[in-house]
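Using my numbering, you'd call the opening residue of the sequence shown number 505 and step up by one each time.
For each residue, glycine too, the CB sits at the ideal point set by N, CA and C.
One structure is given here, and the rest of the page talks about it.
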Amino acid sequence: MPRKAGTGRKRIEIKRIENEEARQVCFSKRRTGLFKKATELSIMCDAEVALIAYSPGNNVFTFGHPSVDSVSDHLLGRPCVNDQISNQNRARVVRELNNEYMEVSNCLDKKKKKGEDLKAKLMTSQFYNKQWTNGSIEELGLEQLEALRAKLYEIRKVVPKPSDDLMKAVVNQIPLSATNLMNQRRSLGIPMDHLVSQNLWFGNHSVPY
505 MPRKAGTGRK
515 RIEIKRIENE
525 EARQVCFSKR
535 RTGLFKKATE
545 LSIMCDAEVA
555 LIAYSPGNNV
565 FTFGHPSVDS
575 VSDHLLGRPC
585 VNDQISNQNR
595 ARVVRELNNE
605 YMEVSNCLDK
615 KKKKGEDLKA
625 KLMTSQFYNK
635 QWTNGSIEEL
645 GLEQLEALRA
655 KLYEIRKVVP
665 KPSDDLMKAV
675 VNQIPLSATN
685 LMNQRRSLGI
695 PMDHLVSQNL
705 WFGNHSVPY
């Protein structure tokens with residue numbers, strides 16, 4: 505079967521954004537990317553870089569390596585206030601801080617990517633149930649609680665051991681919902697042994713762990 509051709513990356517038309525809120529959001533995202541690229545350029549190429557950006561709200565944001573003042577002095581041919589040794593020390597400190605920033609930034613990007621991947625796996629998992637994740641366990645009915653309990657034990661078989669504590673915490677909430685259901689059924693005259701036969705009355709420590 506022939507593979508359907510994708511649309512590929514679409515070119516974004518460069519023009520002024522009329523919506524004020526969207527314009528502010530775009531500025532914030534693009535500014536972060538611009539400053540990140542400037543940081544990479546200064547670290548990898550040991551280049552002197554200075555950036556000054558005014559936001560739509562007239563707030564000023566600057567980036568400079570080794571500093572905005574030193575780059576502007578160099579550009580205008582003015583003598584530097586500090587001597588060469590002081591500038592070298594300052595440049596060394598700035599490089600170290602920039603390296604730390606890049607490490608943290610890369611780590612954050614990886615964590616975000618991992619979180620997105622885990623969320624995508626959850627959404628497509630055979631154990632995923634939209635009603636369970638969007639609502640309170642107290643709102644589930646008797647049959648839904650039974651199904652949830654069965655699924656939790658299925659998950660426990662395939663999820664790594666460190667997740668057992670989380671599993672216990674979730675399962676231990678089920679008796680509270682079952683108790684509420686028992687009270688409701690008792691008020692309606694439904695026998696207790698019916699609930700016991702459904703294996704939903706766990707007591708305090710009867711969940712098999």
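Cα separation between residue i and residue j?
i, j, result
"Arg599", "Lys623", "36 Å"
"Ser546", "Asn602", "9 Å"
"Arg521", "Gly561", "The sequence shown places Ile at residue 521, rather than the Arg named in the question. Going from the Cα of Ile521 to the Cα of Gly561 covers about 14 Å."
"Leu649", "Leu656", "10 Å"
"Arg660", "Leu652", "12 Å"
"Asn610", "Phe565", "22 Å"
"Glu620", "His578", "45 Å"
"Val575", "Ala551", "10 Å"
"Ala526", "Ala595", "37 Å"
"Glu604", "Ala542", "15 Å"
"Lys625", "Lys616", "14 Å"
"Glu544", "Lys519", "27 Å"
"Asn523", "Glu517", "15 Å"
"Lys514", "Asp613", "23 Å"
"Val597", "Ala654", "57 Å"
"Lys618", "Asn563", "34 Å"
"Lys533", "Asn593", "32 Å"
"Met606", "Met548", "12 Å"
"His569", "Gly537", "16 Å"
"Ser559", "Glu647", "56 Å"
On the premise that residue j lies in contact with residue i, defined as a C-beta separation below 8 Å, what is that separation, rounded to the nearest angstrom?
i, j, result
"Phe539", "Phe567", "5 Å"
Taking 7 Å as the threshold (C-beta atoms), are residue j and residue i in contact?
i, j, result
"Val572", "Ala554", "yes"
"Arg535", "Ala557", "yes"
Exercise for the section: Counting only runs of 3+ residues fully inside the region 600-631, write out the beta strand (DSSP E) ranges in chain order. Expected result: The DSSP assignment places no complete run of the beta strand (DSSP E) inside the region 600-631 (cut-off: 3 residues).
Practice task
Run through the region 551-582 for me and flag every whole alpha helix (DSSP H) of 4 or more residues, listed as ranges in chain order.
Solution key: Within the region 551-582, the alpha helix (DSSP H) runs of at least 4 residues that lie entirely inside it are, in chain order, 572-580.
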